[in-house]
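To start, the structure under review is shown below, and the notes come after it.
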Amino acid sequence: MLCPYNLRCETQVQRWQQNPDDNQTLTDGATITRTFYKYMECKQEDCGAFYNGRCYYNKPDND
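Spelled out as structure tokens, the structure:
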């Protein structure tokens, strides 16, 4: 089981694209950012949020 809260690494990839007009003059551009995450395996009993056989890390108080 992968832990949704414990990240091993985060990688961001950015791409810049410029838009020329009819005279080949660069008028504007845009940066596109994509983020990729690698999650770690759940530590289960070694994690303070894991008890009673399940993860309670982000569990609301009324459940």
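Just so we're aligned, residue -18 is where the sequence shown starts under my numbering, counting upward by one.
No residue lacks a Cβ here, since even glycine has one placed at the ideal position from N, Cα and C.
Assuming Cys(-16) and Glu22 make a contact with CB atoms under 8 Å, what is their CB distance in whole Å? 7 Å
State the CB to CB distance for the pair Lys24 and Leu(-12), rounded to an integer number of angstroms; the pair is presumed to be in contact (CB under 8 Å). With a Cβ gap of about 13 Å, Lys24 and Leu(-12) do not count as contacting.
Check this for me: beta carbons of Gln(-7) and Thr14, under 8 Å apart or not? yes
Ala11 vs Gln(-5) beta-carbon contact at 8 Å: no
State the start and end residues of the unbroken beta strand (DSSP E) segment that holds Gln5. Careful: Gln5 lies outside any beta strand (DSSP E) and carries neither H nor E.
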